[in-house]
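Trainee:
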Amino acid sequence: MRILMFTPYVPYPPNSGGRTRTFNLIKNLSQKHEITSFSFLRADHDEPYLSELKKYCHKIEIFRRKKSFQSLTKILRTGFSPFPYLVNMYRDPSVTQAIARELKENKYDLIHVETYYIMPNLPETTVPILLAEQTIEYLVYQHYAESTSLFPLKPLFYIDAAKHKYWEKYYWRKAKKVVAMSADDRAKMLDLIANLDVDVVPNGVDMAFFSQKVTSPPKRGTRVLFVGNFNWLQNREAALILAQKIWPKLRLLLPGISLWIVGQEPTKEIRNLAGADIVVSSDIDDIRVAYQGSDLLLAPIYGGGGTRYKILEAMASGVPVVTTPIGIEGIGAKDKEHVFIGNDVNDLVNLSLKIITNKAQEQKITSRAREFVKKNYDWSIISTNLDEIYEQTAKRS
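This note's numbering puts the sequence shown at residues 763 to 1159.
#1: What does Phe891 pair with, by DSSP beta-bridge criteria?
#2: Going by DSSP, what residue range makes up the alpha helix (DSSP H) through Lys1121?
#3: Who are the Cβ neighbours of Ser1043 in its own chain at under 6 Å, not counting the five residues just before and after it?
#4: On the DSSP bridge assignment, give the partners of Ser799 in chain order.
#5: To which residues does DSSP link Lys939 through a beta bridge?
#6: Ends of the beta strand (DSSP E) at Arg985?
#7: Counting only runs of 3+ residues fully inside the stretch 1065 to 1106, write out the beta strand (DSSP E) ranges in chain order.
#8: Taking the alpha-carbon positions, what's the Ala1005 to Asp947 distance?
#9: What residue range does the beta strand (DSSP E) around Ala1061 cover?
#10: Check each candidate in Ile765, Gly779, Phe768 and Pro775 and name the one with the smallest Cα separation from Ile1073.
#11: How many whole angstroms separate the CB atoms of Glu876 and Thr1029, which I take to be in contact at a CB cut-off of 8 Å?
#12: Could you check which residue in Ser792, Leu803, His795 and Glu796 has the C-alpha nearest to that of Arg781?
#13: Would you identify the three-state DSSP class for Val1041, choosing helix, strand or coil?
#14: Going by DSSP, what residues sit across from Trp1022 in a beta bridge?
#15: Buried or exposed for Val976, please, with buried defined as at least 16 other CB atoms from any protein chain shown within 10 angstroms of its CB.
#16: For Val772, which three-state DSSP category applies?
#17: Taking the Cβ atom as the reference point for each residue, do Asp1097 and Ile1088 lie within a distance shorter than 7 Å?
#18: Could you round the C-beta distance between Ser1020 and Gln1054 to whole angstroms and report it? I think they count as a contact, below 8 Å.
#19: Give me, in chain order, the residues of the same chain whose beta-carbon lies closer than 7 Å to that of Arg853; leave out the 5 immediate sequence neighbours on both sides.
#20: Quick one: give me the first and last residue of the beta strand (DSSP E) that Val962 is part of.
#21: Tell me where the alpha helix (DSSP H) around Phe971 begins and ends.
#22: Note down the Cα distance separating Val1084 from Glu999, rounded to an integer number of angstroms.
#23: Lys1116: buried (16+ other C-beta within 10 angstroms of its C-beta) or exposed?
#24: Give the secondary structure of Arg982 by DSSP, where H, G and I count as helix, E and B as strand, and everything else as coil.
#25: Check whether the stretch 864 to 875 and the stretch 911 to 926 touch, using three or more Cβ-Cβ pairs below 8 Å as the test.
#26: Does DSSP put Ser1114 in a helix, a strand or coil?
#27: Going by Cα to Cα distance, which pick from Asp959, Leu952, Tyr818 and Met1077 is closest to Leu1059?
#28: Quick check: the stretch 955 to 964 against the stretch 935 to 946, are at least 3 beta-carbon pairs closer than 8 Å?
#29: What do you get for Phe842, buried or exposed, if any count of 16 or more other CB atoms within 10 angstroms of its CB means buried?
#30: Going straight from the alpha carbon of Ile1093 to that of Leu893, what length do you get?
#31: In the DSSP assignment, find the unbroken alpha helix (DSSP H) run with Phe992 in it and report its ends.
#32: Is the distance from the Cβ of Phe988 to the Cβ of Ala970 below 7 Å?
#33: From Leu766, Asn1105 and Glu1124, pick the residue whose C-alpha is nearest to that of Ile891; which is it?
#34: I need the straight-line Cα distance from Glu1150 to Val941, nearest angstrom please.
#35: Is the Cβ-Cβ distance between Arg985 and Trp1022 less than 7 Å?
Right, here's the structure in full:
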């Protein structure tokens, strides 16, 4: 089949969750299908290196995304738009025209869109659309509205969340097929639209890639790791909880340990967490360096949606994981069998202490975790499942 893959980011390099997902899907699916990639590039980012992506794509076209609305005036102005802030960042008539030309000049069997918030750029078309929702966006923004300390702006944040919910449901209905990242997300979608045609195609891991040994920086003592792209609220929130609430207690119990916070786009608040026993890194070219140079992934995640690459990658790398019920949501890993799950700060501290000081238990957990990921989340398995959904969606149309 001929597939038009439309994404809110260039699918290479695979240095964030969305890019990792799309690149690996394209890499595997290109063995059977002809794939054209249309994607956005942030206005402040350099042109990406595309030679690797060109191996798997018939054609690549990139559009410059609008600059972020950083002034309060512009943010307030978006309050008068029927669309939420995020949709307005991507909505561009020139992109709609480019896609319309492509569909007119070339016959496609399917349009695969990653994330609903770029859907307004699609022209009217008879080509069936598969919409993959990497997270349920309105829940992310609703969580932010509930947790923010910017009380004067709370009403605006709640309005933005409500807009997300309205348009998210609108575009779910508009798509021929919807794909969720987890069974939990699928259940939440069906609670909103009972007859929605939605399947589960989770995020995955390249087991062969994460099994390769690389050179990690030398360390003294135990190193605890947190990984996340800090464009995401959930990751910023988790890193702050870890550094400000969990870390002071953990280092008292385990003197000499260090914390490594790794991720793209760290905010000033995240960078300021760096100190004598905390390192913040945003320039790790190979994420395997971080996993293989650490003794524990600690992920105090409380914002829901999607499945977390950091959890799957750590498990694939043989690094024990301590997280929350929301952090492991949708993955299906079992507490005390594949990971350790705690609810509050004290739980996470005690579980971290337990796994760090018991090497025999750590080896059992990490061995079972690797087998679990290999069996359920290798990209070859994920891509085969998505290929079957492609065939069903195109055939039914």
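By construction, the Cβ of each residue, glycine as well, lies at the ideal position given by its N, Cα and C atoms. Treat the numbers as computed from the prediction; the structure is a model and nothing was measured.
Mentor: Let's see:
#1: For clarity, residue 891 is Ile in the given sequence; the question names Phe instead. Beta-bridge annotation (DSSP): Ile891 is paired with Ile873.
#2: Secondary structure note for Lys1121: its alpha helix (DSSP H) is the uninterrupted segment Lys1121 to Asn1138.
#3: Residues of the same chain with a CB within less than 6 Å of the CB of Ser1043, apart from the 5 flanking positions on each side, are Val1024 in chain order.
#4: In DSSP, Ser799 forms a bridge with Met767 and Ile822.
#5: Lys939 pairs with Leu892.
#6: DSSP places Arg985 in the uninterrupted beta strand (DSSP E) bounded by Arg985 to Val989.
#7: Segments of the beta strand (DSSP E) lying fully in the stretch 1065 to 1106: 1083 to 1085.
#8: Inter-residue distance for Ala1005 and Asp947 is about 29 Å (C-alpha atoms, whole angstroms).
#9: Annotation: the continuous beta strand (DSSP E) that includes Ala1061 extends over Leu1058 to Ala1061.
#10: Closest by alpha carbon: Gly779.
#11: That pair is no contact at about 24 Å.
#12: Ranked by how close their Cα comes to the Cα of Arg781, the residues Ser792, Leu803, His795 and Glu796 have Leu803 in first place.
#13: If DSSP states are grouped into helix, strand and coil, Val1041 belongs with the strands.
#14: In the DSSP output, where bridge partners are listed per residue, Trp1022 has Leu987 and Val1041.
#15: Counting the other CB atoms within 10 Å of its CB gives Val976 a total below 16, which places it among the exposed residues.
#16: Collapsing the DSSP output to three states places Val772 in coil.
#17: Not closer than 7 Å, so no.
#18: Not really, about 15 Å apart at Cβ, beyond 8 Å.
#19: Shown here for Arg853: same chain residues with a beta carbon closer than 7 Å to its own, the five before and five after excluded, namely Phe845, Pro882 and Asn883 in chain order.
#20: Run containing Val962: Val960 to Val962, per the beta strand (DSSP E) assignment.
#21: Taken as a continuous stretch (DSSP letters only), the alpha helix (DSSP H) holding Phe971 covers Met969 to Ser973.
#22: Val1084 and Glu999: Cα-Cα distance of roughly 16 Å.
#23: Around the CB of Lys1116, fewer than 16 other CB atoms lie within 10 Å, so the residue is classed as exposed.
#24: Arg982 sits in coil when the DSSP states are folded into three classes, being neither helix nor strand.
#25: Short answer: they don't touch.
#26: The answer is helix: DSSP assigns Ser1114 an H, G or I state.
#27: Closest by C-alpha distance to Leu1059, out of Asp959, Leu952, Tyr818 and Met1077, is Met1077.
#28: Here the stretch 935 to 946 lies against the stretch 955 to 964, with 3 or more beta-carbon pairs under 8 Å apart.
#29: Result: exposed.
#30: Here the C-alpha atom of Ile1093 lies approximately 21 Å from the C-alpha atom of Leu893.
#31: Per DSSP, Phe992 belongs to no alpha helix (DSSP H) and is neither H nor E.
#32: No; because the gap between Cβ atoms is not below 7 Å, this pair is not in contact.
#33: Here the closest residue by C-alpha is Leu766.
#34: Across the structure, Glu1150 and Val941 are spaced so that their CA atoms are roughly 12 Å apart.
#35: Yes, Cβ-Cβ distance for Arg985 and Trp1022 is below 7 Å.
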